[in-house]
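Residue numbers (the numbering used here): 4 to 1108. Beta carbons are placed, not taken as given, at the ideal position from N, Cα and C, and that holds for glycine. All values reported here derive from a predicted model rather than from experimental measurement. What follows is a short report on a single structure.
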């Protein structure tokens, strides 16, 4: 534990510098220099020692859980006994879902698309087949599944797999039309192969195409049904190694489904037809239907439809069978949505879907294929959704989905994460959100109910907020690594709907999604919520439990960079820091230049991008709009997008900035206090000499803000072009702001960070006062003083004064974040107003009194005569001592890259600075001494989505959008990494496999094959021999003993270890057996050869040789 004494600043710093520079070679480009700025004497007065408790041992990076809908899904599987669902994706990911809380993500290292998934039913294992022609066996008996075995096919492409219930032999069909058999336990290929040319008739001249279906007969496991793409069906006898029967149809086959008795099967075809075949008469189907085809008048075959991609044929004991299929709609209805058709008896129900169907599965009461199936639900996997349909009710309602798979309902544009927030917030938000729930769901329990999950040791409440392209904001309960929707707010409701053709004004600033949320600011204690939209507006929301009907207050603000030479004097201008009394009290007050000429022609002036509703609006309980502030057009130029936002409930102020300047608004009195260009904020202390220049139109778009595509966007394109990396203008539009590549950086200095604080504004201040810290894109920090009315009674009537303090601090690179520590090194929280309902029933004087918390923690009230200001830019971090403004510590975080996000966070009752760099590094620095504690190359930033959504929070947690539909959470806390196993759900729980129904004496005698089918005898090496080594390569998985160490303890863990140890022992014994067999074979060959030589020369004399 290191102690820092400010009487010996230089000594402490020299001691710390080797630690700082140690991160220089880690690839983050960190200079790592820790040195004092200014004079040591300024900090030389006696101070208390600050003990920094955090060391590098407290930090470790680890992914915790992934929420949301699996991106680009391709495959689906269900274990009917364990009741867990698996979804494979195009990126090689597998998501395994059980009861709410049981949600596991695993990834194939190859990244190849998942073609098919097959559970080993009730075995705690899963087989995946991938597009790189590899089969993998996943062990699900541990909390983080791992691959036990892989088998890579070298010469053939896998097209279809089938694993019979309670069998250890997997049938694998290939593109060449061959069927191979794999032993699931050893993952070794059997020598038994069904070659395509043996399966089809010898007289057939054409190749039957790839294998599209494999299944064993429910009546006889020794018979395998093989479906080929061109319409050929072969019923193969595995014992006699010949085809029992063959059937041909002139349309391509997409899928095949058995009747449970095993006497007939159904095929779906490319012309939208379903054919039913009987094994006794395979010459032609005994029934052909085109369910959605129009019946022709002249008795001809109905017209063909779109292909039926999959059919399932499920029987019921007490009713007609269900025939369920996807596709097959008529071609003459091009606008019809993708649909699932359910045929039950004579009733045909078409369920239209919002997205294309990827796959579906019918959930049945029994895992045995030869019993009445009794289907009860259908799981439908769509491209962007997962739906479960209840088959037990005649109107087929859907189940209410308990998983957070609608994160991407509208594309996510920004995120915020709050750990350890006030505990009453989650029930309050849930209660207002529950009133908006949809009705009409099935009243049955969610059928995917497998696995086990407990709360774990982590008890603090967590909330994630997501902002979306359609203007909606969602609040999620993220406690204990789960995710549940609490409340949805639609910010677009404060504006009039745009009529078609009216969007031209907005189109100047944003191409589409005019209501997209760009930034959010939330104060959990006061429940004040603020959003900045892409169309240059800010909305302040207050929380109320009561419904109100009220008009929405709105303000318009001119924010224009006045750098050009002014030829003609303006008739009237407000001074840069206007006397507050000169502000007109009307709501529509305009600040800055009052030369507001709105012309009929092309020149637009003083017009906002959107129209706020003028009539009274009904606002339901929850977040209610208190004030809308809109930037307006100035002299034909559209307002620039907002790049920074801060709100403070104790002060009653909201501040926001863009590349032109800063605006400060009093949302209690609904007046604009300040609206000025960035250059004017400096007054006489501007450190840069700038040339006046004429304005140029900078048309700005929200580049990629609402993109859902996953295509990589070069971050360098998002930065301003600059000849040298040292140039201060080389500033990146970080995750909080849109593209600023079109902005002229010489004349325009964007406001990039804002922070309200009780602080020392000037060097000679003896006491703290209300301040606004302003950070710019050029690394400048300007402190503005806020003069608030002395008593709360005068707050509504007396004006608030905003004035420059004259203090300017500098850093390298655009400023990202601020924080203040007291003299003990404890984080000082911003002042806030304790929440009270603005529309409570008893509106007496007592309830109107505002309760303010100015110093938190309370020890900060006696914080003595100084503070530490922590400022982090995209290049470096600095700690200043206030009020002396001495720079105590500097840490150059990166030279070659730049930071995307930096947050001052609490961890283990201490505080640190967490940074995410564009080169993928996650770093933490101690406070106040800025010692590097962690530097890990975690994730390269391949696109803007990661840059825009990455955020840190307290207790060592962080998140980002890993794909357009999924949130990835991670921890940088060693303690949480250690406890993660306890928090994750169990995928496998011990469940008895249901017993097969008693089939009865007569049915057993006449209904099926008399002899038991021994696959081991047929496919084992003794009978079938070995497969060619060049055909497939066995790769042992990483999920051996090491993979199980993290598994749950107890009996299951022990059993798993024993099983894997046996597997490995069996594998070694197998290899030994192989070597022995080969030695025996060579000895036998040698003996035979020697015997032949002996016979050849037995009767010859010595002279005949």
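Contact check, residue i vs residue j, beta carbons under 7 Å
i, j, result
"residue 215", "residue 161", "no"
"residue 358", "residue 388", "yes"
"residue 97", "residue 109", "yes"
"residue 933", "residue 872", "no"
"residue 927", "residue 62", "yes"
"residue 356", "residue 370", "no"
"residue 395", "residue 379", "yes"
"residue 120", "residue 149", "no"
"residue 626", "residue 64", "no"
"residue 497", "residue 555", "yes"
"residue 916", "residue 930", "yes"
"residue 925", "residue 939", "yes"
"residue 876", "residue 818", "yes"
"residue 489", "residue 478", "yes"
"residue 990", "residue 99", "yes"
"residue 680", "residue 664", "yes"
Rounded distance between the beta-carbons of residue j and residue i, thought under 8 Å
i, j, result
"residue 1022", "residue 195", "5 Å"
"residue 230", "residue 254", "In fact, because the Cβ distance is near 12 Å, the residues do not count as touching under 8 Å."
"residue 294", "residue 312", "Between residue 312 and residue 294 the Cβ distance is about 14 Å, and since that is not below 8 Å, they are no contact."
"residue 840", "residue 547", "5 Å"
"residue 523", "residue 467", "Between residue 467 and residue 523 the Cβ distance is about 11 Å, and since that is not below 8 Å, they are no contact."
Residues near residue i by beta carbon distance below 6 Å, same chain, minus five either side
i, result
"residue 472", "413, 414, 416, 516, 519, 709"
"residue 528", "835"
"residue 607", "636, 639"
"residue 445", "393, 400, 402"
"residue 172", "184, 1018, 1022"
"residue 1092", "none"
"residue 888", "766"
"residue 653", "834, 835, 836, 855"
"residue 571", "Because the pLDDT of residue 571 is 35, which lies under 50, any placement of that residue in the model is unreliable, and the question is left without a value."
Range of the contiguous alpha helix (DSSP H) that encloses residue i
i, result
"residue 157", "Element bounds for residue 157: n/a, residue is neither H nor E."
"residue 825", "Neither: residue 825 is in no alpha helix (DSSP H) and is coded neither H nor E."
"residue 201", "199 to 202"
"residue 947", "947 to 952"
"residue 681", "681 to 685"
"residue 933", "From DSSP, residue 933 is part of no alpha helix (DSSP H); its letter is neither H nor E."
"residue 1019", "1018 to 1022"
Neighbourhood of residue i by C-beta, 8 Å cutoff - its chain only, sequence neighbours within 5 removed
i, result
"residue 1088", "none"
"residue 1094", "none"
"residue 920", "31, 896, 897, 900, 901, 902, 903, 926"
When the options are compared against residue i, the one with the closest alpha-carbon
i, options, result
"residue 619", "550, 647, 1035", "550"
"residue 315", "981, 112, 329", "329"
"residue 268", "946, 291, 987", "291"
"residue 335", "368, 344, 296", "296"
"residue 832", "900, 766, 909", "909"
"residue 945", "434, 939, 964", "964"
"residue 755", "770, 783, 763", "783"
"residue 655", "986, 802, 111", "802"
"residue 382", "779, 105, 450", "450"
"residue 788", "795, 765, 799, 426", "765"
"residue 137", "144, 73, 127, 152", "152"
"residue 537", "642, 990, 428", "642"
Residue range of the unbroken beta strand (DSSP E) whose run includes residue i
i, result
"residue 63", "62 to 71"
"residue 925", "924 to 929"
"residue 963", "960 to 966"
"residue 429", "Where residue 429 is concerned, there is no enclosing beta strand (DSSP E), although the alpha helix (DSSP H) it sits in stretches over 428 to 437."
Same chain, Cβ closer than 7 Å to residue i, neighbours up to 5 away in sequence not counted
i, result
"residue 373", "221, 222, 263, 265"
"residue 114", "94, 95"
"residue 204", "249"
"residue 323", "347, 348"
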